[in-house]
Amino acid sequence: MLRVSGNKIVNKAGRKVRLTGISLGGWLMIEGYMLGGRNIPEHQFKNSLGPKAAEFTSEFRKRFFNEADAERIAKLGFNCVRIPFNYRLLEDKGGLELLADAVKWFSDRKIYSILDMHAVPGSQNHDWHSDSEGNAKFWEDRHHRDQYLQLWKLLSDRFKDNEFIAGYDIMNEPVTDKTDLLCEIYSQTIDLIRKNGDSHIIFLEGNRWAQDADVLDGLFSDNVALSIHFYEPTRFVFNFVPDAEYPGKTNGVQWNRARIGKFLKKYLKFGVPVYVGEFGVAVRCPDCNRELGWVRDVLKIFKQFGFHWTYWTYKSVAMSRYPDGIYRNLDEYDIFGRGSENPGMGTVVQRMKEAPEKVYRELETSRFVLNRKLMRVLEQNLTHHSLR
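Adding 13 to a residue's 1-based position in the sequence shown gives its number in our numbering.
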């Protein structure tokens, strides 16, 4: 089982392990842009499917990602996957078993998994990716926080003895002014997991979308590591300014490798392993606006600092905004209606009424194309299998 040793992660033999992997965004926590449209909460989208919701959920989970995809990831050379999930998954019949199946697919291939509760009860921030309709009720209602702790007890009971669980990313991108409460919840979760006889690494994300790590100082006890996200400069990375370039100025600031290094160096001061749970870029086309140069420079800094990482994300409908996948669906059959008035989830709802099987087929990875130029940049920075 992996553990923290100083600022490194080591295996049971004491040998250093560097995690270099991929996130499975959009599978067990659906995000609108990954289906080619606007971002709305997952539960709101499913409610709009009416009686088709249960069928769609089942087919989506089977087709968007399955064991064949785990094999693809193994062949690509990644040694780690981050598995984001909505807490609601654990309330669905068979949801915990599906998560356990995914962990087994990877453990069978000697690939580590990091379990990431991407949306917690009540939502930990106001964005769609916490399944929120605009409020972060987790910080207002003790019932949500109690439920959160119960779910981590459930997860720990199930996975505490699995040596190919690299660790638990216990809350994705919290955003709150109640930082004392955030630290209290983190401390309670750590205590709960440890008292359960579970020695897995616990990854803590800082406040404000995993950016402000200073609030965590004092929580880095035994076998606790820091998890950060890196999407800077956001206006370039998310393609909010289509003509922005890298290297180049964003909001009057010159962004280049030196600037990236200066931005990330601050996370070294805690003296614990730093895991970049998310980083990625909107790829307009293989060489437009130097996106691949950004990826190269970021990875060079990660290597220099010894950071662990999982790229965001494995697959997505090709889009012009927000980081897309190493596998990209070009939507040649207009299933997601990228050019329509209400693309993405809205179009899926309509297509489900007309021809659901066409929607399901378009979710399969065989309909997606590997971005080979991006993958070549990533594979040059993967940890060799012998270091697992």
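Every residue, glycine too, gets a C-beta built ideally from N, C-alpha and C.
To the nearest angstrom, report how far apart residue i and residue j are at their CA atoms.
i	j	result
residue 130	residue 65	26 Å
residue 249	residue 329	19 Å
residue 187	residue 196	11 Å
residue 177	residue 124	7 Å
residue 389	residue 314	17 Å
residue 258	residue 311	15 Å
residue 395	residue 322	10 Å
residue 138	residue 193	16 Å
residue 83	residue 224	30 Å
residue 115	residue 358	25 Å
residue 98	residue 215	16 Å
residue 372	residue 289	33 Å
residue 22	residue 126	14 Å
residue 50	residue 354	10 Å
residue 62	residue 362	6 Å
residue 171	residue 271	43 Å
residue 15	residue 334	36 Å
residue 232	residue 287	14 Å
residue 107	residue 230	38 Å
residue 133	residue 184	7 Å
residue 113	residue 69	21 Å
Quick check on the burial criterion: 16 or more other C-beta atoms within 10 angstroms. Buried or exposed for residue i?
i	result
residue 213	buried
residue 293	buried
residue 46	buried
residue 148	exposed
residue 218	buried
residue 154	exposed
residue 34	buried
residue 255	exposed
residue 95	buried
residue 400	Confidence at residue 400 is low in this model, with a pLDDT of 41, below 50, so its placement is unreliable and no value can be given for it.
residue 93	buried
residue 264	exposed
residue 235	exposed
residue 277	buried
residue 29	exposed
residue 27	exposed
residue 305	buried
Of all the options the options, which has the alpha carbon lying nearest to the alpha carbon of residue i?
i	options	result
residue 39	75, 394 and 395	75
residue 100	55, 88, 115 and 240	55
residue 267	246, 284, 84 and 252	246
residue 152	253, 373, 220 and 81	220
residue 209	235, 199, 91 and 174	174
residue 17	336, 198 and 239	239
residue 319	340, 280, 348 and 343	280
residue 381	48, 26 and 30	48
residue 201	171, 181 and 162	162
residue 384	370, 340 and 352	340
residue 159	143, 141, 146 and 198	198
residue 52	283, 79 and 146	146
Quick one: grab the DSSP three-state call for residue i.
i	result
residue 124	coil
residue 196	helix
residue 237	strand
residue 15	coil
residue 136	coil
residue 141	helix
residue 232	coil
residue 349	coil
residue 184	coil
residue 383	strand
residue 323	strand
residue 262	strand
residue 285	coil
residue 29	strand
residue 401	Its pLDDT being 41, under 50, residue 401 is placed unreliably in this model, and the coordinates cannot settle the point.
residue 50	coil
residue 41	strand
Which residues mark the beginning and the end of the alpha helix (DSSP H) in which residue i is found?
i	result
residue 252	Unbroken run through residue 252: none, as it is neither H nor E.
residue 277	270-278
residue 56	55-61
residue 159	155-172
residue 226	Unbroken run through residue 226: none, as it is neither H nor E.
residue 360	358-367
residue 22	Segment 21-23 is the beta strand (DSSP E) holding residue 22; no alpha helix (DSSP H) there.
Counting along the chain, where does the beta strand (DSSP E) carrying residue i start and finish?
i	result
residue 341	340-342
residue 34	33-36
residue 328	328-330
residue 218	214-218
residue 68	Premise fails: residue 68 lies in the alpha helix (DSSP H), 66-77, not in any beta strand (DSSP E).
residue 177	Unbroken run through residue 177: none, as it is neither H nor E.
residue 96	93-99
Taking only beta-carbon positions, decide if residue i is within less than 8 Å of chain D.
i	result
residue 219	The structure shown has no chain D; it contains just one protein chain.
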